[in-house]
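Below is one structure, written out as structure tokens; comments come after it.
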Amino acid sequence: MNRDLIVINTLVFNSYVSKGFKQEQFFDFVSKLGVKKIEIRREYIKDFSSELQAISKASKETGIQVFYSVPRTIFVNNIVDKENLNKYLEEARAMNCKDVKLNIGDYENYKGNLKEDLSPFVDLKFNITVENDQTQQNGTYKNIIKFLNDCKAQNINIGYVYDIGNWYWVDENELDNAKRLKEFTRYIHLKDVKKTEDGNLTLPLDDGDIKWREILDILPKNIEVGLEYPCKDIYVVEAGVKKLLEY
1 MNRDLIVINT LVFNSYVSKG FKQEQFFDFV SKLGVKKIEI RREYIKDFSS ELQAISKASK
61 ETGIQVFYSV PRTIFVNNIV DKENLNKYLE EARAMNCKDV KLNIGDYENY KGNLKEDLSP
121 FVDLKFNITV ENDQTQQNGT YKNIIKFLND CKAQNINIGY VYDIGNWYWV DENELDNAKR
181 LKEFTRYIHL KDVKKTEDGN LTLPLDDGDI KWREILDILP KNIEVGLEYP CKDIYVVEAG
241 VKKLLEY
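In terms of full-length UniProt numbering, the sequence shown opens at residue 1 and continues consecutively.
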């Protein structure tokens with residue numbers, strides 16, 4: 001894989017975040033890996049006014065492109081959550097970020113004008129995507145394809161983030177869904193997962209049951225792939241990057 005396509009999601013630094021590290025502190029390490037893209041997690045930000053500014057500064061100093069993972073939904077109570085969408089995009093803009101990942105939300109009973117409601121956000125020239133998360137509402141093929149097809153039919157430029165592991169939480173097959181969703185996929189979240197008696201575990205590559213190389217063979221080439229799993233130390237992060245480079 002081309003190194004330029006690799007993204008480091010800050011979940012890999014979860015053990016450091018839990019000790020009080022902030023996301024702007026990871027840019028230098030990502031740069032030393034030779035990776036030029038980082039995905040900031042909104043839930044890790046505690047002080048938005050200072051941290052967004054610090055992330056923007058780190059991005060400019062290192063030349064690392066920022067992606068923004070927002071674990072919030074476009075639709076709330078069956079309408080577009082315009083106020084919060086504006087807020088999330090303003091946060092992205094403050095970090096010099098153009099790539100924003102969201103979840104779909106309460107779309108099943110939405111009765112509005114999709115083009116009219118979403119165009120103001122899509123027209124801001126952000127690369128907006130939705131992801132399959134670990135919930136029935138946002139993470140099942142049926143609900144995802146309905147929204148993506150509706151966007152396609154109305155020429156609404158919203159893409160899809162294929163999360164390779166989250167299918168385990170909704171009991172769907174990751175290989176089958178890769179084939180069915182590949183035309184919409186613009187970004188990939190890569191991890192491994194293992195089923196255990198205590199539930200599903202998110203793990204580094206090749207430590208679980210997912211045939212991730214086979215899935216990458218199915219999905220589009222020349223799109224970004226983000227490493228997104230907790231790592232006990234930086235050597236596990238380095239190993240993940242090495243595996244992608246060797247793919």
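We put the CB at the ideal spot given by N, CA and C, even for glycine.
In this structure, does DSSP put Gly226 in helix, strand or coil? To locate residue 226, count along the sequence shown from 1; it is residue 226. In the structure shown, Gly226 sits in a strand (DSSP, three-state: E or B).
Going by DSSP in three states, Thr202 sits in which element: helix, strand or coil? Here residue 202 corresponds to residue number 202 of the sequence shown, with the count starting at 1. Thr202 falls in the strand class under three-state DSSP.
So is Tyr88 buried or exposed if we call it buried at 16+ other beta carbons inside 10 Å? Position 88 of the sequence shown, counted from the first residue, corresponds to residue 88. Tyr88 comes out buried.
As assigned by DSSP and simplified to three states, the class of Phe126: For the purposes of this step, residue 126 is taken as the residue at position 126 of the sequence shown. Residue state, collapsed to three classes: coil.
CA-CA distance, Asn138 and Gln23? For this step, residue 138 is matched to residue 138 along the sequence shown. For this step, residue 23 is matched to residue 23 along the sequence shown. Straight-line Cα distance between these residues: approximately 26 Å.
Grab the span of the alpha helix (DSSP H) containing Tyr160 for me, first residue to last. Here residue 160 is taken as the residue at index 160 of the sequence shown, counted from 1. Looking at the DSSP string, Tyr160 is not in any alpha helix (DSSP H); the run it does join, the beta strand (DSSP E), is 159–163.
Could you pull out every residue in the same chain whose Cβ sits closer than 8 Å to the Cβ of Leu114, ignoring the five residues on either side in sequence? As a working note, residue 114 is residue 114 in the sequence shown. Asp150, Cys151, Gln154, Ile156.
Does the distance from the CB of Trp169 to the CB of Asn143 come in under 8 Å? Counting from one through the sequence shown, the residue named residue 169 turns up at place 169. Counting from one through the sequence shown, the residue named residue 143 turns up at place 143. Contact: no.
Three-state secondary structure (DSSP) of Asn77: Along the sequence shown, read from residue 1 onward, the residue named residue 77 stands at position 77. Three-state DSSP puts Asn77 in coil, outside helix and strand.
Every unbroken alpha helix (DSSP H) within the region 23–91, with a cutoff of 4 residues, ordered by chain: 27–32, 48–62
When DSSP labels each residue in this structure, what does Thr140 get in the three-state scheme? As a working mapping, residue 140 is identified with position 140 in the sequence shown. Looking at Thr140 - three-state DSSP - the assignment turns out to be coil, as it is neither helix nor strand.
Let's test the definition: count the other Cβ atoms within 10 Å of the Cβ of Asp217 and tell me whether it reaches 16, buried, or not, exposed. Looking up residue 217 in the sequence shown gives position 217. Exposed is the call here.
If I measure Cβ to Cβ from Ala58 and keep anything under 6 Å in the same chain, skipping five residues before and after, which residues do I get? Translated into the one-based positions of the sequence shown, residue 58 becomes position 58. Same-chain partners within the cutoff: Glu24, Phe27.
Any idea if Asp47 is buried or exposed, counting beta-carbon neighbours within 10 angstroms, 16 or more meaning buried? Locating residue 47 in the sequence shown gives position 47, counting from the first residue. Exposed.
Among Thr10, Leu102, Val35, the one whose alpha carbon lies nearest that of Gly159: Residue mapping note: residue 159 aligns to position 159 of the sequence shown, counting from 1. Gly159 has its Cα closest to that of Leu102, out of Thr10, Leu102, Val35.
From Ile8 to Asn2, what does the alpha carbon distance come to, in whole angstroms? The residue given as residue 8 occupies position 8 in the sequence shown. The residue given as residue 2 occupies position 2 in the sequence shown. Roughly 14 Å separates the two Cα atoms.
Looking at Ile144 and the ligand HEM, is the gap between the Cβ and the nearest heavy atom below 7 Å? Summarising the ligand content, the structure contains no ligands, and the ligand HEM is consequently not present.
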